[in-house]
Structures are given as C-alpha cells and as structure tokens.
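In our numbering, the protein residues as written are 3 to 258. A virtual CB, placed ideally from N, CA and C, is assigned to each residue, including glycine. Given the structure is predicted, the values throughout are model-derived calculations rather than measurements.
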C-alpha cells in the first residue's frame with residue numbers, strides 16, 4: 003500500500019505538514035493532482051506544505067472499501083512523517099465521499115491523525131448519475147457495472163453502512179460543491195454533510211450565481227482552491243465569512 007503513494011518533492015519536513023490528496027473514479031493521483039494548484043502552488047504557501055497523493059487500485063473502479071484501506075493505511079504512514087504529526091486530507095468525488103469518509107469511519111484511529119478534511123464534489127450520499135449508469139450497464143448482463151460505481155448508487159449498501167455513523171463530519175470538514183455538477187447530481191443534497199462547512203460555489207458568499215465550475219474542473223479551480231486555503235487558515239474547516247472572493251477571479255500571484 004505504501005507503494006501507491008507519490009510525494010513529488012519528497013517529504014521535506016515543511017512546517018505546515020503533509021497534505022494528502024485522494025483522487026476520484028476513473029482517474030489516478032498523478033493525472034488529478036500533478037498539474038493543479040495543490041501541487042504547484044500549495045508547497046510554498048504560508049509555512050509551506052509537503053504534498054503527497056495516492057493512486058488507488060484500478061483507477062478507483064474497484065471496491066471502494068479496498069480503496070479506503072489504502073487511504074487509511076497511508077494516513078497513518080504519512081502522519082508519522084509529517085512535521086505536525088498529522089495530515090490534512092483533500093479528496094475529490096469518490097475519493098472524498100466514499101474513500102476518505104469510510105477510512106475515517108471504519109478506521110477510527112485515523113481521526114486523531116487528520117487536522118482537516120477538504121471535500122471537492124464528494125458524493126457522501128451517492129449520485130443519481132451512478133444510479134442511471136448502473137441501470138444501463140446491468141441491462142446488458144450481470145456484474146457489468148463497475149463495483150465502485152455500484153457502491154456510489156444512492157441506495158447502495160455501502161453508503162447505507164457508511165452513513166450509520168458517518169453521516170456527520172468526523173473531523174473538521176469542508177464540503178464544496180457546484181450546481182453545475184453533472185457527475186454528482188443532485189447538488190447540494192449529495193455533498194452536504196451534517197457538521198461540516200458546506201459551501202455551494204454559486205452562493206453569494208462564495209463565488210456568486212454565475213460562477214462556472216463543474217465536477218471535472220473543480221480540482222483545478224481557483225475559487226475552490228481559495229476556499230481550501232481558508233480552511234487551512236481556520237484550523238481545518240473553512241469559514242465562509244472570511245473567504246477572500248478575489249480567488250473567484252483567478253489564481254493570485256501565480257498561474258497553474
């Protein structure tokens with residue numbers, strides 16, 4: 003499981019500690035994070051941060067429980083190497099809504115090792131698009147819907163089990179989502195989680211009604227990244243009252 007981790011600049015003992023990034027379905031760690039702000043900008047922000055990401059089995063098409071085991075194992079391994087002895091976790095889509103939340107729930111010893119959790123379009127309650135996709139795929143024959151997509155159906159036993167005790171935030175949590183999301187509809191219902199700082203990108207306090215960010219662009223979006231920095235500055239969960247809306251206009255002092 004340790005071999006699934008990439009820390010592109012190594013672990014340098016930066017004062018901000020390690021930020022651990024978890025990708026979503028049909029992607030991998032490098033493809034999701036290498037060219038985005040969490041890798042290109044974050045390492046030199048504030049106290050400085052070490053960046054590491056995981057690449058989950060089978061591009062995260064496989065059993066989400068297995069992927070969560072990779073996440074839990076590496077939370078523990080990376081926290082031991084972090085200057086803060088904790089990690090801040092960032093997840094996108096399945097990486098947030100299933101893999102990270104399941105890891106925090108069913109491996110509770112990880113909770114004390116996580117300083118905060120930033121969810122980008124996380125499907126904590128499943129996705130209507132997964133419902134449709136699996137219905138279409140299974141009409142062609144049994145077992146034709148990928149396991150993790152089946153688990154992201156709104157009625158799945160996986161989510162039923164997860165939400166027995168993890169329907170609320172287990173660590174300081176921010177959940178950001180967009181009403182332009184065609185992969186995890188309907189929003190905000192799929193990404194809202196009790197006890198978290200739940201933020202719709204098109205809200206007036208965030209980036210406003212016409213803000214154009216969708217599911218696939220969210221990990222690269224300046225407004226989303228600005229809210230992530232706000233979460234870091236506020237002890238783990240974002241405070242929308244102090245969000246600098248200039249991030250909605252683009253990246254500050256640099257480009258990605």
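Return yes when the Cβ of residue j is within less than 8 Å of the Cβ of residue i, no when it is not.
i	j	result
residue 100	residue 91	no
residue 225	residue 213	yes
residue 176	residue 196	no
residue 57	residue 8	yes
residue 135	residue 121	no
residue 119	residue 190	no
residue 61	residue 95	no
residue 220	residue 180	yes
residue 123	residue 186	yes
residue 78	residue 112	yes
residue 3	residue 76	yes
residue 104	residue 70	yes
residue 55	residue 19	no
residue 10	residue 43	no
residue 59	residue 253	no
Nearest to residue i by alpha carbon, out of the options?
i	options	result
residue 51	84, 107, 65, 150	84
residue 250	238, 215, 236, 233	215
residue 126	25, 235, 164	164
residue 234	160, 133, 49	49
residue 204	222, 192, 178	178
residue 198	184, 207, 168	168
residue 208	183, 244, 76, 188	244
residue 63	27, 73, 87	27
residue 116	88, 202, 21, 192	88
residue 182	162, 10, 161, 217	217
residue 133	211, 158, 20	158
residue 110	74, 139, 86, 140	74
residue 15	107, 86, 242, 238	86
residue 108	155, 59, 160	160
Is it buried or exposed, residue i, if we count other Cβ atoms within 10 angstroms and call 16 or more buried?
i	result
residue 81	buried
residue 148	buried
residue 257	At residue 257 the pLDDT is 41, less than 50, meaning the model places this residue with poor confidence; the figure from the coordinates comes in the next sentence. Residue 257 is exposed by the Cβ-count criterion.
residue 17	exposed
residue 166	exposed
residue 93	buried
residue 150	buried
residue 223	buried
residue 255	exposed
residue 231	buried
residue 106	buried
residue 193	buried
Since residue i sits in a beta bridge, which residues does DSSP pair it with?
i	result
residue 23	55, 92
residue 116	89
residue 8	55
residue 122	94, 178
- Write down every uninterrupted run of the alpha helix (DSSP H) in the stretch 168–229 whose length is 4 residues or greater and which is fully enclosed by it, in chain order. none
- Where in the stretch 139–163 do unbroken runs of the alpha helix (DSSP H), each at least 4 residues long, occur, reported from the N-terminal end onward? 149–153
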